[in-house]
Each structure stands twice: as C-alpha cells, then as structure tokens.
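Enquirer: The listed protein sequences derive, respectively, from chains A, B, C and D. Read in this note's numbering, the first sequence has 897 at position 80, and its numbers run on one by one without any break. Read in this note's numbering, the second sequence has 822 at position 5, and its numbers run on one by one without any break. Read in this note's numbering, the third sequence has 830 at position 13, and its numbers run on one by one without any break. Read in this note's numbering, the fourth sequence has 842 at position 25, and its numbers run on one by one without any break. One structure is given below, represented as structure tokens, and several questions about it will come after.
4 protein chains.
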Amino acid sequence: MTASTATRDRILDAALQLFGEHGFRGTSVAAIERAAGLTPGAGGLYHHFRTKEAVLTEALERHVGRLGALRDIRRLFAGVQDLEVELTLIARYVLAELEAEHDLVQVLVLESRQRPDLVGQTVERLVASSVTEFAAWLVQDWGAPAEQARATAALALASLFSHRLISPTVLSTEEFVTSWVATFGSALSAGSRSPL
Amino acid sequence: MTASTATRDRILDAALQLFGEHGFRGTSVAAIERAAGLTPGAGGLYHHFRTKEAVLTEALERHVGRLGALRDIRRLFAGVQDLEVELTLIARYVLAELEAEHDLVQVLVLESRQRPDLVGQTVERLVASSVTEFAAWLVQDWGAPAEQARATAALALASLFSHRLISPTVLSTEEFVTSWVATFGSALSAGSRSPL
Amino acid sequence: MTASTATRDRILDAALQLFGEHGFRGTSVAAIERAAGLTPGAGGLYHHFRTKEAVLTEALERHVGRLGALRDIRRLFAGVQDLEVELTLIARYVLAELEAEHDLVQVLVLESRQRPDLVGQTVERLVASSVTEFAAWLVQDWGAPAEQARATAALALASLFSHRLISPTVLSTEEFVTSWVATFGSALSAGSRSPL
Amino acid sequence: MTASTATRDRILDAALQLFGEHGFRGTSVAAIERAAGLTPGAGGLYHHFRTKEAVLTEALERHVGRLGALRDIRRLFAGVQDLEVELTLIARYVLAELEAEHDLVQVLVLESRQRPDLVGQTVERLVASSVTEFAAWLVQDWGAPAEQARATAALALASLFSHRLISPTVLSTEEFVTSWVATFGSALSAGSRSPL
DNA sequence: AATGAATGAGCTTTCATTCAT
DNA sequence: GATGAATGAAAGCTCATTCAT
C-alpha cells in the first residue's frame, strides 16, 4: 500500500500537470504513465484508477483543497490595521496561490466547458466562497457597507484572476499590485464615506 | 464562387464555434463538416482548407478583426462629458463585444497554451492595444496622469475580462457594471487629485 | 476533336511517366491531370477516359507498339556480314529501345503482378516475339542450329533485360556491350561447329 | 516474449509476402494484420513497429541476409573439378535462391525506385557482391583473366536474374540452365585461350 | 503491482469518381 | 471540354481499455 500510494500520487501529480499543459483530451493515458514512471501504454494506471476521467476527478479533488486557501483571507490578514498594507498582502497572496496551483487553474480553465458538473461547479464554488470571504473581511475589519462590499470584492478578485493576461506584457506584477491596491483602496475609502 | 465562398464561410463559422465549445483537439473534422452541412467524414472540408489547422488559423484571422473593435474605444466614446456615463457605456460595450465574440474568446483561452505563436501572440496584441487605447482615452479626455492611466486601464480591462467568472453566479451583470463604474470612477477622480 | 486529341495524348504521356515513377496506385488522377495541364482534382480526365484503369490500358497499348520494334531485328540488321559488328549494333539498339521506353518498361515491371491479364500478357508476348525474331535471325543469317538458336537468343536477351541492374554500378554500358558481344559471339561460333 | 516474438515474425513474413504481391502502397496495414492473425484495422501492428515503413525496413534486413548466400558461391562450389558441372550447380543454386526468396526479390524490384536509399542500396550491394564473388571464383578456380572475369560474371548473373522473364513461357528452366552453362562455359574456355 | 499484447473505435487525410455549371 | 464541389470508401495511425502472465 505504501508503494501503491506513492504511485497513485505520482500519477495524480503527473496527470494534473499534463492536463494543464495539453488539456484532458490532449493527454494520453500512456503519457501519464510515462510521466509517472510506469511503462507507457501498458495500462498500469488502471490498477489505481478506473478510468482516465477518474484520474481527473481525483486530481482536482486533491488539489482544489489548496486553492481553497483563498477562503482563509479573513483569518490570515486580520488585524494589520493599515488598509493599504493589508490589501497589498492579500493581492500578493492570491497571485502567489494562483501561480503555485497554476496547473490546477489551467485545468479548471481548459475543462470547465467540457465538464460543467465536475469542473464548472468546482470553479463556481471556489469563486463564490472567495468573494464571500473577501467581502466579509471588508465588512468586519473595514466597516464597508455590506451591499457594496460584495460587489467590490467580486471586482477586485476578478481583476486578480486576469493578472496573467496583463503581466508581464502590459504591466509588471509589481505595478499591477500597486495599482490594484490604490484602486480598490480608494474605492473602499470613497465607498465608506458615500456608498453607491 | 458563390457556393464555394458560402461553404467556406459556413466551415469557418462552424469550426470556430465548435473549437470554442470543445477545443481544437476535441473537435473532429467530421463534426465541422456536419455542422457546415457537408457529409461528415467525406473530407469535403479539404476542398477548402489544406488541413484542420488551417481552418483554425483562418477562422481566427477572420474573427479577430472584429474583436479589434475594442481598440476603437477612444473614437466611440469621445465627448460625452460625464465620466460615469462614459464608463458605463464602455463597460457595456466591452462586455457586449466579448459576449458577441464569445466563441473566439473561448478559442483564444483554450488554445493559447497549445499554440503560443498563432494564438498567444494574437491575444497579447489584442490585450496590449486595448489597454493602450483605453489609457490614451483616460489621458486625453479626463486628464489622467499618464503613469497612472496605463495601470488603471489594465486593471479595469482585466476585471472586465473576468466578468464571466463572476456573473451571473456571484453578481448580475448590471451590478457588475455599476460597481465597475463606481470603482474606477472613484479611482480616477482620486488619482487626478493625488496621483500615485 | 483536335484539342481533345491533344489533351488525350498529354494525359496518356503524363500518366505513363507517372505510373513508371510511382506505380499505378502511387499515381493519383489529380497528379495525372496536373501533369497534363488540367486542373488537378477537377475530374477533367474523365472526359477522355472512363476510369483511371482505362488510362493505363490505353497508355500501354499506345506505347507497346514502339517497343515492338524489338521484333524488327531481322529487318534492321540484315546483311552486315560481320557477326561481331551486327551483335554490337543489336545490343546497342535493344538497350537504346529499353532506355527510350523506360517509362513503359518500368510500368510493365511494376504492374505485371497486379494485372497479369493486361500487363502480364503484353510482357509475355513482347518477350516471346523478341526471342523468336532474334532466333530466326541467328538461324537465317548465321546458320545457327534451330534448337540452339532459340535458347541462345533467350539468354542473350535475358541478360540485356537485366542491364540496368549491372550498369553503371558494376560495369559501364560500354563494357557490358563488349562483353555481351564476345560472350554470345563465341557461343554462336562454338555452337555452330559443335552443337550441344 | 514468446508470443511477442512470434507475432513480430508473423508480421514480418506476412508483410514481405504481401509487399511482394501488391507492392508497399498496395498493401494495407490492415491486410498485414489480417495475414498475421491480428484483428485487421485495430492497429495491433503498431505494438511491434513504429510505422508501416519500419515493417518494410525490418523485413528487408531480416531476409536480405539469406539472399546474401549468393556471395558464398566460392565456398560452396570449390573443388568440383569439372567446369560444366560446377556451372550447372551454380545456375541451379542461384535460381533456387532467387525462387526461395522470391517475395524479397519482388519487393526489391517493386520498391527500388520509390526507396532508393533503403532498397536501392541493398540491391546494389547484393548485385555487386555477387558479381565480385562469382568473378573471384572464375579467376581462382578456372584461371580466367581478371579483366574478363568481372564482365563475364556480370553478364552471367544478369541473365540468371531475368530467368523469370523467360521461363516457362519461352524456355523451360532446364533448357535455360543447359543453355546458360554451354554459353558461359564456352565463353570462358574461349576467353582463357584468347582474352578480349 | 506491473507489463506486453490485443482490440474497437476513433482520428486526419487521400482519392476515384460524379455532377451541375 | 473544363471546372468547382461533393461524396463514399479507405488509408495510416492513436488511444482508452482489458486481460493473461
């Protein structure tokens, strides 16, 4: 079972990376086996998973937990006092998470249309809970009006999600973060004074 | 020539839609032929295109021009006087364009990793020019400081690009637009007074 | 009909050459059309021939007549008096004919197994009549014993047919001819004196 | 390994035969599979060979060694004393070899134009070494003058190579051999007395 | 647990042939 | 007489999956 588990994990990691690089259809079972150190094409994968699809499902389940860390925003950044400092920390943290789980993100992007049930729901849940957490933090720690908080949180996260489209071609990550903090910092300040 | 051109166009349209739905690899030539009204599997497509890949290339070329309309921001929305009104128009316009060319956007997202030369460059050019145009508009019409304009424009467009991730699950499009206008409107007002 | 005949002939010539180069199956109708100056793939060939096979049949018929010239040995080389001189002329003539109709020879070689009825019989007839003519010449002009003449003629022609296998790698054509004349010249002299 | 090797060999044998009968292009992978006892069209062949072309290459390599036996002329027929007896043995041996490896010979003939590098060189090497061996035997055992020996050997083998064109239509194999021995026997005798 | 072999279904592409223009 | 378009059939090859060893 020890060896078994090790192989299982190697398969899952290899698969997620390959799925992220070439998509689900673009990745053959043989390629996964090769990347996991098994003989390609010999079907060794099927001792650990019933189908190729099951590999995807389990790989997502296994990795999605980590991205869930986005939900911990409130816990992680409570009590720093200064809005701009905290926003900067959050932006860097979210971008770092997205980067660390880039394979996963890529799979989610690539496969969400093909597997709305499996992947689509995962994405929705992830986005929804992140927004909710972010919004709650804005309300609790910074006294943002509830109506506005959710919308601002959604917008702020939305722009972070598109970071890869902007950086590094159009803007460096640093400039991106600075601008992000300034924009949403000022929006929040303005908002608290006179909510939309 | 009439029938020929008609079939060609039908193939291109069908292909782009299918590529957007199932990706390039996930779309068979037979499926494209069927969607274009040809006998599936009979290879009729090859009377119009040398390879399946050539279909992708031409479909992108043909449709990218339209999305290029994003570059016309300055021309379209000059002279409305009121910042909030103009921003609202812009947001709606960009979202409508993204929606109208959703097949294309989807293909760009799905295939940009597999075909960095063909698709990746297209995306980069599209994003870069949109940001540039938007920034120029901010500077010329609203006196935004040049340094800040580019960063704000990038951020504003980035959040629009992620709209589909947010709406309708988390926020309705209307709420999204309202919030977007408020956020970037206030950021710009604040920015002009005291640039970063 | 004039233009028609011209196109017909161009098709036949182009086809025979291509068949010789790439075989019957290896030559597409489109390739023949292109080589004949028609639009490839447009089926123009079918205004002149019912099928691709018919092109082969007619091309063979048309060209086989020329190779038949091998049968004219007797007429061409009667009365030169000197055996070695005449044999040299014959060798060169046969090799030149084989070279001139090399496309045809190649087709006969390539397709004789696939089409024993069409091609195989042609080859057999060609070989048989050449041998007969050559033997008759040996008997009439050089007094070779009839029993031996046919066998020697067969052997002599057989080695000429393999000339391409030998020249130029192993022997130059000149050396080949010289040796051929010496060999069969001496065989005939020896034979007439003391038949096998 | 047993089953594997058996299937591999069955594929190679089936392929060579089919290539000889219908040529390389005329033989489908499915046909080879069927002839080798695999499910036609299922691609089982590709577990043993990377491409159809690789099957040809390996089949040639595997069988060419046997035809190489033509090079053993000297060793096989040393010391029989009587020229006519030895020539008869040689003729029968070479014809038997050509007959035994008729599939191979046929492939070499059919494909030498399409694949000059793979097949053409094989043929050239085979012919050249046969001629060289035959000539050496003539020189060593029968004192033939070196200049003449090579040319006579080339001619003698050339006529054997064309045997199939002659027999059985024009001459029986027996008559062919008898005539061959007489012709080249007398040429050699004449040659030794008065070399060209 | 891993492998070599096999298979059914699918893929992209080619091609001989037909037909309306 | 020639062309553009279409089609049925088949080609070489890939692949997810199964199974005996």
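Positions of the beta carbon are idealized from the N, C-alpha and C atoms, including for glycine.
Can you tell which of A:Ala-848, A:Ala-975 and A:His-919 has its C-alpha closest to the C-alpha of Phe-951 of chain A?
Expert: Residue numbering aside, residue 951 of chain A sits at position 134 when the first sequence is read from its first letter. Nearest option by C-alpha distance: A:Ala-975.
Enquirer: Where Glu-875 of chain A and Gly-860 of chain A are concerned, what is the direct C-alpha to C-alpha distance, given to the nearest angstrom?
Expert: For the purposes of this step, residue 875 of chain A is taken as residue 58 along the first sequence, with counting starting at 1. For the purposes of this step, residue 860 of chain A is taken as residue 43 along the first sequence, with counting starting at 1. Roughly 18 Å between the two C-alpha positions.
Enquirer: Leaving out the 5 sequence neighbours to the left and right, which residues in its chain are closer than 7 Å to Arg-827 of chain D when beta-carbon positions are compared?
Expert: As a position in the fourth sequence, residue 827 of chain D is number 10, starting the count at 1. Ala-853 and Gly-854, listed in sequence order.
Enquirer: With 8 Å set as the bound, which would you pick, yes or no: does the beta-carbon of Glu-901 of chain B sit closer than that to a beta-carbon of chain A?
Expert: In the second sequence, residue 901 of chain B corresponds to position 84, counting from 1. So no, Glu-901 of chain B is outside the interface.
Enquirer: Compare the beta carbon distance of His-919 of chain B and Gly-837 of chain B with 8 Å and say whether it is the shorter of the two.
Expert: Mapped onto the second sequence, residue 919 of chain B falls at position 102. Mapped onto the second sequence, residue 837 of chain B falls at position 20. The answer is yes: Cβ separation under 8 Å.
Enquirer: Assign His-865 of chain B to one of three DSSP states: helix, strand, or coil.
Expert: Residue mapping note: residue 865 of chain B aligns to position 48 of the second sequence, counting from 1. In this structure, His-865 of chain B counts as coil in the three-state DSSP scheme.
Enquirer: Roughly how many angstroms lie between the CA atoms of Ala-944 of chain B and Val-926 of chain B, to the nearest whole one?
Expert: Taking the second sequence and counting its residues from 1, one reaches residue 944 of chain B at position 127. Taking the second sequence and counting its residues from 1, one reaches residue 926 of chain B at position 109. The question names Ala, but residue 944 of chain B is Val in the sequence shown. For Val-944 of chain B and Val-926 of chain B, the distance between alpha carbons rounds to 13 Å.
Enquirer: If I measure Cβ to Cβ from Phe-993 of chain C and keep anything under 7 Å in the same chain, skipping five residues before and after, which residues do I get?
Expert: Position 176 of the third sequence, counted from the first residue, corresponds to residue 993 of chain C. If we look at Phe-993 of chain C and ignore the five residues flanking it on each side, its Cβ neighbours are His-980, Ile-983 and Ser-984.
Enquirer: What would DSSP say about Pro-933 of chain B, mapped onto helix, strand or coil?
Expert: Taking the first residue of the second sequence as position 1, residue 933 of chain B is located at position 116. Of the three classes helix, strand and coil, the one that applies to Pro-933 of chain B here is helix, per DSSP.
Enquirer: Please list, in chain order, the residues of the region 855-869 of chain B that have any C-beta partner in chain A closer than 9 Å.
Expert: Against chain A - using a Cβ distance shorter than 9 Å - the region 855-869 of chain B contributes no residues.
Enquirer: Between which two residues does the alpha helix (DSSP H) carrying Ser-979 of chain D extend?
Expert: If you number the fourth sequence from 1, residue 979 of chain D lands on position 162. Run containing Ser-979 of chain D: none; DSSP gives neither H nor E here.
Enquirer: From Leu-835 of chain A to Ile-849 of chain A, what does the alpha carbon distance come to, in whole angstroms?
Expert: For this step, residue 835 of chain A is matched to residue 18 along the first sequence. For this step, residue 849 of chain A is matched to residue 32 along the first sequence. Roughly 7 Å between the two C-alpha positions.
Enquirer: Hey, is Glu-914 of chain B's beta-carbon within less than 8 Å of any beta-carbon in chain A?
Expert: As a first step, residue 914 of chain B is located in the second sequence; it is residue number 97 there, counting from the start. Not one chain A Cβ lies under 8 Å of Glu-914 of chain B.
Enquirer: Would you mind working out which of C:Thr-824, C:Leu-833 and C:Thr-822 sits nearest Leu-921 of chain C, comparing C-alpha positions?
Expert: On the third sequence, position 104 is the one that residue 921 of chain C refers to. When each option's Cα is compared against that of Leu-921 of chain C, the closest is C:Leu-833.
Enquirer: Could you tell me the alpha carbon to alpha carbon distance between Leu-1005 of chain D and Trp-954 of chain D, rounded to whole angstroms?
Expert: Here the question's residue 1005 of chain D lines up with position 188 in the fourth sequence. Here the question's residue 954 of chain D lines up with position 137 in the fourth sequence. So the alpha carbons of these two residues sit roughly 12 Å apart.
Enquirer: Let's test the definition: count the other Cβ atoms within 10 Å of the Cβ of Ala-971 of chain A and tell me whether it reaches 16, buried, or not, exposed.
Expert: Along the first sequence, read from residue 1 onward, the residue named residue 971 of chain A stands at position 154. Per the 10 Å Cβ criterion, buried.
Enquirer: I need the straight-line Cα distance from Phe-1001 of chain A to Arg-892 of chain B, nearest angstrom please.
Expert: By 1-based counting over the first sequence, the position of residue 1001 of chain A is 184. By 1-based counting over the second sequence, the position of residue 892 of chain B is 75. Near 28 Å, if we compare the C-alpha coordinates of Arg-892 of chain B and Phe-1001 of chain A.
Enquirer: Please list the segments of the alpha helix (DSSP H) lying wholly inside the region 885-929 of chain A, counting only runs of 4 or more residues, in order along the chain.
Expert: As far as the region 885-929 of chain A is concerned, its whole alpha helix (DSSP H) runs of at least 4 residues are 890-893, 900-917 and 919-928.
Enquirer: If you draw a straight line from the C-alpha of Ser-946 of chain D to the C-alpha of Ala-961 of chain D, how long is it?
Expert: Taking the fourth sequence and counting its residues from 1, one reaches residue 946 of chain D at position 129. Taking the fourth sequence and counting its residues from 1, one reaches residue 961 of chain D at position 144. For Ser-946 of chain D and Ala-961 of chain D, the distance between alpha carbons rounds to 18 Å.
Enquirer: With a threshold of 8 Å between beta-carbons, can Phe-978 of chain A be considered close to chain B, or not?
Expert: In the first sequence, residue 978 of chain A corresponds to position 161, counting from 1. At least one chain B Cβ lies under 8 Å of Phe-978 of chain A.
Enquirer: Are the CB atoms of Thr-990 of chain A and Leu-912 of chain A nearer to each other than 8 Å?
Expert: Walking along the first sequence from the start, residue 990 of chain A turns up at place 173. Walking along the first sequence from the start, residue 912 of chain A turns up at place 95. Yes, Cβ-Cβ distance for Thr-990 of chain A and Leu-912 of chain A is below 8 Å.
Enquirer: Nearest-angstrom Cα distance between Leu-862 of chain B and Arg-967 of chain B?
Expert: Position 45 of the second sequence holds residue 862 of chain B. Position 150 of the second sequence holds residue 967 of chain B. Spanning the two alpha carbons is a distance of roughly 44 Å.
Enquirer: Name the two residues that bound the continuous alpha helix (DSSP H) containing Arg-842 of chain C.
Expert: The sequence position of residue 842 of chain C within the third sequence is 25, counting from 1. Per DSSP, Arg-842 of chain C belongs to no alpha helix (DSSP H) and is neither H nor E.
Enquirer: Would the beta-carbon of Leu-977 of chain D fall within 8 Å of that of Ala-908 of chain D?
Expert: By one-based count along the fourth sequence, residue 977 of chain D stands at place 160. By one-based count along the fourth sequence, residue 908 of chain D stands at place 91. Their beta carbons are under 8 Å apart, which means Leu-977 of chain D touches Ala-908 of chain D by this criterion.
Enquirer: Taking the Cβ atom as the reference point for each residue, do Thr-939 of chain A and Val-881 of chain A lie within a distance shorter than 8 Å?
Expert: Residue numbering aside, residue 939 of chain A sits at position 122 when the first sequence is read from its first letter. Residue numbering aside, residue 881 of chain A sits at position 64 when the first sequence is read from its first letter. Yes. Within cutoff.
Enquirer: How long is the line joining the alpha carbons of Arg-851 of chain A and His-864 of chain A, rounded to whole angstroms?
Expert: What you label residue 851 of chain A is simply residue 34 of the first sequence in a count that begins at 1. What you label residue 864 of chain A is simply residue 47 of the first sequence in a count that begins at 1. Answer to the nearest angstrom: the Cα atoms are 15 Å apart.
Enquirer: Which of the three DSSP states, helix, strand or coil, is assigned to Leu-988 of chain B?
Expert: What you label residue 988 of chain B is simply residue 171 of the second sequence in a count that begins at 1. Here Leu-988 of chain B sits in coil by DSSP.
Enquirer: Measure the alpha-carbon distance for Ser-1003 of chain D versus Ala-1007 of chain C and round it to whole angstroms.
Expert: Here the question's residue 1003 of chain D lines up with position 186 in the fourth sequence. Here the question's residue 1007 of chain C lines up with position 190 in the third sequence. Each residue's Cα considered, the two are about 7 Å apart.
Enquirer: I'd like the span of the alpha helix (DSSP H) that includes Leu-955 of chain D, first residue to last.
Expert: As a position in the fourth sequence, residue 955 of chain D is number 138, starting the count at 1. Here the alpha helix (DSSP H) through Leu-955 of chain D covers 938-959.
Enquirer: Verify the CB distance criterion: does Ser-1003 of chain A have a CB-CB separation below 8 Å to chain B?
Expert: Reading the first sequence from its first residue, position 186 is the one you call residue 1003 of chain A. Interface residue, yes.
Enquirer: Would you say Phe-841 of chain D and Gln-931 of chain D are within 8 Å of each other, going by their C-beta atoms?
Expert: Within the fourth sequence, residue 841 of chain D is the residue found at index 24, counting from 1. Within the fourth sequence, residue 931 of chain D is the residue found at index 114, counting from 1. In this structure, Gln-931 of chain D lies closer than 8 Å to Phe-841 of chain D by Cβ.
Enquirer: Taking all protein chains shown into account, decide if Gln-957 of chain A is buried (16 or more other Cβ within 10 angstroms of its Cβ) or exposed.
Expert: As a first step, residue 957 of chain A is located in the first sequence; it is residue number 140 there, counting from the start. Result: exposed.
Enquirer: Rounded to the nearest angstrom, what separates Met-818 of chain C and Phe-866 of chain C at their Cα positions?
Expert: Residue mapping note: residue 818 of chain C aligns to position 1 of the third sequence, counting from 1. Residue mapping note: residue 866 of chain C aligns to position 49 of the third sequence, counting from 1. Residue confidence for Met-818 of chain C is low, a pLDDT of 46 falling below 50, so the modelled location carries little weight and cannot support an answer.
Enquirer: Tell me whether Ala-823 of chain A is buried or exposed, calling it buried when 16 or more other Cβ atoms sit within 10 Å of its Cβ.
Expert: Along the first sequence, read from residue 1 onward, the residue named residue 823 of chain A stands at position 6. The residue in question, Ala-823 of chain A, is exposed, as its Cβ has fewer than 16 Cβ neighbours within 10 Å.
Enquirer: Of the residues C:Glu-878, C:Ser-996, C:Val-948 and C:Gly-858, which one's Cα is nearest the Cα of Ala-973 of chain D?
Expert: Along the fourth sequence, read from residue 1 onward, the residue named residue 973 of chain D stands at position 156. Checking every option, the nearest Cα to that of Ala-973 of chain D belongs to C:Ser-996.
Enquirer: Does the beta carbon of Gln-931 of chain B come closer than 8 Å to any beta carbon on chain A?
Expert: By one-based count along the second sequence, residue 931 of chain B stands at place 114. For Gln-931 of chain B, the answer is yes, since a Cβ of chain A falls inside 8 Å of its Cβ.
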